[in-house]
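To keep things clear, I will list the structure first and then write my remarks on it.
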Amino acid sequence: MSFKLPSLFKKKGDEEEQVANKDKQNLERIEEFSRGLVTIQDIIAPEAIEVDFTYQKINSTYTRTLFVAGYPRVVPANWLSPLINFPHQINTSMFVFPVDSKEILDNLKRKITEMEAEIQSDLRAGKISNINTEVKLEDARVIREQLAKGAERFFQFGLYVTIKASSLKELNKVTSSVQSTLGSLLIVSKKATLQMGEGFKTTLPMGIDKLGVTRNMDTTSLATTFPFTSSELTMESGIVYGINEHNESLVIFDRFKMENANMVIFAKSGAGKSYTVKLEILRQVMFGTEVIVLDPEHEYEDLSNAVGGEYINFTFGSDAKINPFDLSAVYREGENELGQKIISLHGLLKIMLGDMTSRQEAILDRALVAAYKAKGITPDPATQTNQPPLMEDLYKALIGFEDDAADDLSMRLEKFITGSFRGIFDHASNIDITNQFTVFSVKEMEEELRPIAMYIILDFIWTRVKKELKKRILIIDEAWYFMKHKDSASFIHSMAKRARKYYLGITTITQDVEDFLQNEYGKAIVSNSSIQFLMKQSTASMQTLTETFYLSEGERQLVMAADVGEGIFFAGQNHVALRVVASEDEDAIITTNPEEIVKKEIAKTSTGVKKIKFPREKSLLKTNKPKPKPPEKKKEAPKDYYQREDDGKKKTIDSPRENVQKQDKVEDVNRSEQKITKPNNAPKKTNRVRYTVDQYTPPEVFKDNK
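Numbering (the numbering used here), first residue to last: 309 to 1014.
Below is the structure:
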């Protein structure tokens, strides 16, 4: 009988092999499982990449990479600023590679020897030496000396630009523009032909130069390419707009020294746009600028009262009337004032009467000409000082035409002449702009009539602006109202284009970015504004703003995360991150924060401080209106004699003031019911305006500049 005994020992190699097999099987299972998972590369990878000789297409975006092959001999600091601030989306990459100084010195020594030999050879042959060789030799000697002293180091520098566009046509156009910009800097740029893939990767934030097109530079030359120069917006004159958040410098700017003085402000509700505009108004007024505000939301009444401005509340039943047919009565060579006014009236009447056929527009034009002609006004400037027609005259002219189109227009216009809207727009103008700060409010105007009223007021302002040339700013708040109607949007655009001619700067404010920028006239207004201020925005508006202002990702984040009163301030080719700041006195006047207002009122009440009042006589504003006479005050009687009336009986008192006061106390006479008169022979005193205790003397900066 035999027994098979189990092996008590196994080879160590067999066990390791089994473990290795298990690990291999596990890895295979993991790899197989991973094939069904989505990786990071899958998420960020484009759907398709098409590489051509001179461009690359990633999904629907076209890209092209340029490399710099030649540089100018001498460059100033910040010489790449036009490229860094190029108004289109581009990626710019700079590569800097340090080079061993000993190797460079050896190469320079050899090059210098070769150039000296070439020059000597030309001289021996009786030839004029090559001027380029002499310049290169001079530069090489200077660099060798600086390197030997250790004052300079040597680097290899590569500069690449990748352009992005939504179409091939746009890509070619932008490429030409970039190359022209570089050419103006004496920089030679070329397309990375047949290397578009490598060029695109070179400008990605990976720090890998796959093109390898470099140029030797010393430390000084390399420093001039530094792209993060501190943008400064500081002029010798102007007002303080705020603080540059990059370097804490003041942003002092004069908008009237730009190619035009127009400005646009985009901000969501609560971002501080009204505060910013009011602050500019205060500071502009102190420098003598006339400011006119079109206020649809009752935002500027307190400011107007504080500085002695004129606040005109334009409502259904208000006494303030404007005749939209008014002419400026100022002739300028090459302009047809009557023709321009009729064009403006066409826009107004389209808002009032609605859509018109071509025939109705022609009839309306004939009626407008007839209405002016009936008042003796023709294209001849000499006749344009006559009394202008009213809306009623246009109505009569339409009735006089025996035409169905004219009858339809007159029926639509009738409600403004004899109907429910009678008395609003058919009166002669009884107001004028004479104050240095004037506010037109339409807050209480009916919603249906508000666009009409705003158009009439704007046209009235424009007519007055053309009468007299002076430094003015027109502020149009909630400008999206005008974008609702093509004619009103066109009118603002026309004003923005011509404002500079009349020394006028237009500030356009809106919180409805989409409606404003999706309108063709809205975009044109932005293009005709030298200054733009982007304050805090909602995420929904950022795509439109990014495309319009070519914002980088960092600038997008800055605008979305901005605090109240912060944003990006664009002025021409420069832009900075701006923080609006105000003094305590300014803040007390312009703040609209309910919480701050309540706190200040409580603080004033607890300390016994009266409400701030700004006397008009002390106002910083200039006005053409005669100053109102100060209220008559009870005149103090001179010492030793004056007359007093008590109960109808005159008593002559030959005693000093102190004795009179004692007699009053004894007789228990109520001085408030006494009437003091001065005899004819009493000495005259100079009338002076005195303010009561509860009135506040403005800060020094708000006093008259005499």
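Glycine included, each C-beta is placed from N, C-alpha and C at the ideal position.
With three or more beta-carbon pairs closer than 8 Å as the criterion, would you say the segment 661 to 675 touches the segment 706 to 719? Between the segment 661 to 675 and the segment 706 to 719 there are three or more inter-stretch CB-CB distances shorter than 8 Å, so the stretches are counted as touching.
Hey, would you say D603 sits closer than 7 Å to S368, going by beta carbons? On the sequence shown, residue 603 is found 295 positions in, with the first residue counted as 1. On the sequence shown, residue 368 is found 60 positions in, with the first residue counted as 1. Contact flag unset, no.
Just checking my contact of T815 with I573 at CB under 8 Å: how many whole Å lie between their CB atoms? What you label residue 815 is simply residue 507 of the sequence shown in a count that begins at 1. What you label residue 573 is simply residue 265 of the sequence shown in a count that begins at 1. At roughly 7 Å, the Cβ-Cβ gap stays under 8 Å, so T815 and I573 are in contact.
For A356, which of Y370, P632, Q454, Y379 has the nearest alpha-carbon? As a position in the sequence shown, residue 356 is number 48, starting the count at 1. Residue Y370 is the option with its Cα nearest to A356.
Contact under 7 Å by Cβ, I463 with V404: Taking the sequence shown and counting its residues from 1, one reaches residue 463 at position 155. Taking the sequence shown and counting its residues from 1, one reaches residue 404 at position 96. The amino acid occupying residue 463 in the given sequence is Phe; Ile does not appear at that position. Annotated as proximal: F463 and V404, with beta-carbon spacing under 7 Å.
Measuring CB to CB, does G813 end up less than 7 Å from I781? Translated into positions along the sequence shown, residue 813 becomes position 505. Translated into positions along the sequence shown, residue 781 becomes position 473. Between G813 and I781, the C-beta spacing is below 7 Å.
Among the candidates D895, T691, T362, whose CA atom is the shortest distance from the CA of E506? For the purposes of this step, residue 506 is identified with residue 198 of the sequence shown, where counting begins at 1. For E506, the closest of D895, T691, T362 by C-alpha to C-alpha distance is T362.
Considering just the uninterrupted stretch of the beta strand (DSSP E) at P535, what are its terminal residues? In the sequence shown, counting from the first residue as 1, residue 535 sits at position 227. Per DSSP, P535 belongs to no beta strand (DSSP E) and is neither H nor E.
Grouping DSSP H, G and I as helix and E and B as strand, with all else coil, what is Y583? Taking the sequence shown and counting its residues from 1, one reaches residue 583 at position 275. Y583 falls in the helix class under three-state DSSP.
Which word fits M514, buried or exposed, when buried means at least 16 other C-beta atoms lie within 10 angstroms of its C-beta? Counting from one through the sequence shown, the residue named residue 514 turns up at place 206. Per the 10 Å Cβ criterion, exposed.
Under 6 Å Cβ to Cβ from T771, same chain only, skipping five residues before and after it: list those, please. Within the sequence shown, numbered from 1, the residue matching residue 771 stands at position 463. Counting only Cβ-Cβ distances below 6 Å, and skipping sequence neighbours, we find D634, S636.
Quick one: what's N480 bridged to in DSSP? What you label residue 480 is simply residue 172 of the sequence shown in a count that begins at 1. Paired residue(s): none; N480 is not in a bridge.
From which residue to which residue does the beta strand (DSSP E) around Q364 run? Residue numbering aside, residue 364 sits at position 56 when the sequence shown is read from its first letter. It spans 364 to 366 - the beta strand (DSSP E) in which Q364 sits, taken as one unbroken run.
Range covered by the alpha helix (DSSP H) that runs through Y829: On the sequence shown, residue 829 is found 521 positions in, with the first residue counted as 1. 828 to 835 is the extent of the alpha helix (DSSP H) around Y829.
Option nearest L672 by Cα separation, candidates E339, A328, L702: Your numbering for residue 672 matches position 364 in the sequence shown. It is L702 whose Cα lies nearest to the Cα of L672.
What's the C-alpha gap between N694 and K649? Along the sequence shown, read from residue 1 onward, the residue named residue 694 stands at position 386. Along the sequence shown, read from residue 1 onward, the residue named residue 649 stands at position 341. Rounded to whole angstroms, the separation of the alpha carbons of K649 and N694 is 15 Å.
Buried or exposed: where does L928 fall if 16 or more other Cβ atoms within 10 Å of its Cβ makes it buried? In the sequence shown, residue 928 corresponds to position 620, counting from 1. Residue placement at L928 is poorly supported in this model, since its pLDDT is 42, which falls under 50; the coordinates are not used for a value here.
Use the C-beta contact count for R343: other C-beta atoms within 10 angstroms, 16 or more gives buried, fewer gives exposed. For the purposes of this step, residue 343 is taken as the residue at position 35 of the sequence shown. Answer is exposed; the Cβ neighbour count stays below 16.
Would you kindly work out how many angstroms separate the C-alpha atoms of I876 and K576, rounded to a whole number? Locating residue 876 in the sequence shown gives position 568, counting from the first residue. Locating residue 576 in the sequence shown gives position 268, counting from the first residue. Those two C-alpha atoms are separated by around 14 Å.
Identify whether L602 lies in helix, strand or coil by the three-state DSSP scheme. For the purposes of this step, residue 602 is taken as the residue at position 294 of the sequence shown. The answer is strand: DSSP assigns L602 an E or B state.
I'd like to know if the segment 552 to 568 and the segment 578 to 587 are in contact, where contact means that at least 3 CB-CB pairs between them fall below 8 Å. Counting Cβ pairs under 8 Å, fewer than three are found: no touch.
Can you give me the C-alpha to C-alpha distance between R461 and S409, rounded to a whole angstrom? For the purposes of this step, residue 461 is taken as the residue at position 153 of the sequence shown. For the purposes of this step, residue 409 is taken as the residue at position 101 of the sequence shown. The straight-line gap from Cα to Cα measures roughly 7 Å.
Taking only runs of the alpha helix (DSSP H) that begin and end inside the segment 636 to 679, which ones reach a length of at least 4 residues, in chain order? The segment 636 to 679 contains these whole alpha helix (DSSP H) runs: 645 to 661.
Confirm, please, whether the CB-CB distance from L842 to V821 is below 7 Å. Position 513 of the sequence shown, counted from the first residue, corresponds to residue 821. Position 534 of the sequence shown, counted from the first residue, corresponds to residue 842. A distance of 7 Å or more separates the beta carbons of V821 and L842.
Apply the 10 Å Cβ neighbour rule to V917 and answer buried if 16 or more other Cβ atoms are within range, or exposed otherwise. Counting from 1 along the sequence shown, the entry for residue 917 is found at position 609. Only weak support is given to the placement of V917: the predicted model assigns it a pLDDT of 43, under 50, and the question is left unresolved by the model.
Quick check: I839 and M571, are their CB atoms within less than 7 Å of each other? In the sequence shown, the residue the question calls residue 839 occupies position 531. In the sequence shown, the residue the question calls residue 571 occupies position 263. Against a cut-off of 7 Å, the Cβ pair of M571 and I839 comes out as a contact.
Is the segment 616 to 625 touching the segment 741 to 758 in the sense that three or more CB pairs, one from each, lie closer than 8 Å? The segment 741 to 758 is in contact with the segment 616 to 625.
Can you give me the start and stop residues for the alpha helix (DSSP H) that G466 sits inside? Here residue 466 corresponds to residue number 158 of the sequence shown, with the count starting at 1. Counting along the chain, G466 falls outside any alpha helix (DSSP H), though it belongs to the beta strand (DSSP E) covering 462 to 473.
Look at the alpha carbon of T856 and the alpha carbon of R418, and state the distance between them as a whole number of angstroms. In the sequence shown, counting from the first residue as 1, residue 856 sits at position 548. In the sequence shown, counting from the first residue as 1, residue 418 sits at position 110. Those two C-alpha atoms are separated by around 54 Å.
Any idea what DSSP makes of H883, helix, strand or coil? Counted from its first residue, the sequence shown places residue 883 at position 575. If DSSP states are grouped into helix, strand and coil, H883 belongs with the strands.
I need the DSSP call for Y549, collapsed to helix, strand or coil. The sequence position of residue 549 within the sequence shown is 241, counting from 1. Taken through DSSP and simplified to helix, strand or coil, Y549 comes out as strand.
Please state whether DSSP places T263 in a helix, a strand or coil. Only positions 309 to 1014 of the chain appear in the structure, and residue 263 is not among them; the question remains open.
Check this for me: beta carbons of M660 and I765, under 7 Å apart or not? Taking the first residue of the sequence shown as 1, we reach residue 660 at position 352. Taking the first residue of the sequence shown as 1, we reach residue 765 at position 457. Not in contact: M660 and I765 (Cβ atoms no closer than 7 Å).
Alpha-carbon to alpha-carbon, T900 and N882: On the sequence shown, position 574 is the one that residue 882 refers to. On the sequence shown, position 592 is the one that residue 900 refers to. Their backbone Cα atoms lie some 30 Å apart in a straight line.
For S980, which residues of its own chain have a beta-carbon under 8 Å away from its beta-carbon, when the five flanking residues on both sides are left out? Within the sequence shown, numbered from 1, the residue matching residue 980 stands at position 672. Note that S980 has pLDDT 43, beneath the 50 cutoff, so the model's placement of it is unreliable and the number below is only indicative. Taken in chain order, the list of residues that qualify is empty.
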